[in-house]
Structure formats: C-alpha cells, structure tokens
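Quick note: the sequence shown uses this note's numbering, first residue 543, plus one each step. The C-beta atom is built at its ideal place from N, Cα and C for all residues, glycine as well. One structure is given below, encoded as structure tokens.
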Amino acid sequence: MSTQVFDIHSELIERCRHNDRKAQYELYEKYKQAMYHVALRICHDADEAEDVLQEAFVNAFTNIHQFAGKSPFGAWLKRIVVNKALSAIGKNKVFTEDIETMQVEVADDEPLEDLSYQVDEIKKAVKLLPDGFRYVLTLYLFEGYEHKEVAEILGISESTSKSQYNRAKKKLKEIILTNRKNERRA
C-alpha cells in the first residue's frame, strides 16, 4: 500500500511535470532561500552554494517525474541539495581524518552545562570542525535528518553517524571554550 502525502504545492508540482516554466519559476522562488542555506551550511562558500542550488533545481525539474509524493516536495528537494553539496565538496574527503586518534579536550575549569552559546560563536566553531564531524552535525542537528538517513547520505554506518555526532558536539564545545579563553586574554 502506497502512502501519499498531501503537498501544498501539488498543483505547481503537477504543472512542473508538464514542463511549465512559470510553475518551475514559482516553485524555485518558494524554495530557493531555504535550499540555499542548506547548501551554504554544507559548502561554507556562497558561490559554491549558489552553484549547488542551481544544479539541484535543474536536477529536480529534470527528474520531477520521480517525485512520488511519499514525502513533502521540500524534503525531496532538500535531499537533492544535500547530495549535490556533498558531491561539490568532494564526498571522498569527508572521513579522511582518523577520528579514533583525534584529541578532544574540554577545559575542566568551566562547567559545560552552564555555557550559553551565542549564534555567531557557534557558526564560527562549526566552520572549524573537521569535515566529517561538520557534515554529520549539520545533517543531523541543523537539517533534521535521522542518523539512519545521515548514514545513507554519507555512505557510513548508523553507529558511525551517532559517534561522529557525539564527537562533533564535544569538539564544538572545545572550540568554543578555546575561543572564549583566547578572547579573554586579548
């Protein structure tokens, strides 16, 4: 039994299936901003994110007949954007760092549970994470994918996704604490 999900843009999607350029433009306008930010969080480069966005929409409109309606259109499109972004940055580079030997040190003199992080310092710290950690953290925490989906997207096991996520959180805290200490000294 196939489950259909009602999509608020179903009329536009149907028109896109018939190559209606105006409908494609309308759908693009509705999703471009959100999908650009998805690409930017993965690529960390505005020009590359823009390229990813364009390629993803071309791919989506070319293959819109494959959209089965089992999930919202935005989720389907987001998956295309994520895959294009990962391809653009070189999917093979994701897990080249030996995570088992990576040192994660957190200062003992500052309790982690009392930290209140500012958005800007989190953004800066995320950019400093090793690629593998950053991709898992971005897909799981910011994009809302489950570990099973993250594993599928990145070609890793679900347990690797979970451990990478936990290590990414620890490393993120370490980076933030280090940055705060350096700012106090300055």
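Annotation for alanine 598: Ile622, Val623, Lys626 place their beta carbon closer than 6 Å to its own, counting only its chain and skipping 5 residues before and after. Going by C-alpha positions, histidine 579 is about 26 Å away from arginine 557. Between valine 600 and alanine 581, the gap from beta carbon to beta carbon reaches 9 Å or more. Counted as a single uninterrupted DSSP element, the alpha helix (DSSP H) harbouring aspartate 593 occupies residues 588 to 604.
Taking the Cα of serine 613 as reference, the smallest distance to any Cα among Thr702, Lys723, Ile550 is reached at Ile550. Considering only Ser703, Tyr687, Leu670, Gly611, the residue with the shortest C-alpha distance to glutamate 553 is Gly611. Here the C-alpha atom of leucine 569 lies approximately 45 Å from the C-alpha atom of glutamate 725. Of the residues assessed, tyrosine 567 falls on the exposed side of the cut-off, its CB having fewer than 16 other CB atoms within 10 angstroms. Per the coordinates, the alpha-carbon of lysine 666 lies some 44 Å from the alpha-carbon of histidine 560. Setting aside the 5 residues that flank it on each side, glutamate 685 is surrounded in the same chain by Val580, Arg583, Lys620, Val624, each with a C-beta closer than 8 Å to its C-beta; the list follows chain order. By the criterion of a C-beta distance shorter than 6 Å, alanine 602 is surrounded in its chain by Leu619, Ile622, once the five residues flanking it on both sides are discounted. If the five residues before and after lysine 690 are omitted, its C-beta is found closer than 7 Å to the C-beta atoms of Glu700, all from its own chain and listed in chain order. A direct Cα-Cα distance of roughly 33 Å separates histidine 586 from aspartate 562.
Between the alpha carbons of valine 678 and alanine 728 lies a distance of about 33 Å.
In this structure, the beta-carbon distance from leucine 683 to isoleucine 695 does not fall below 9 Å.
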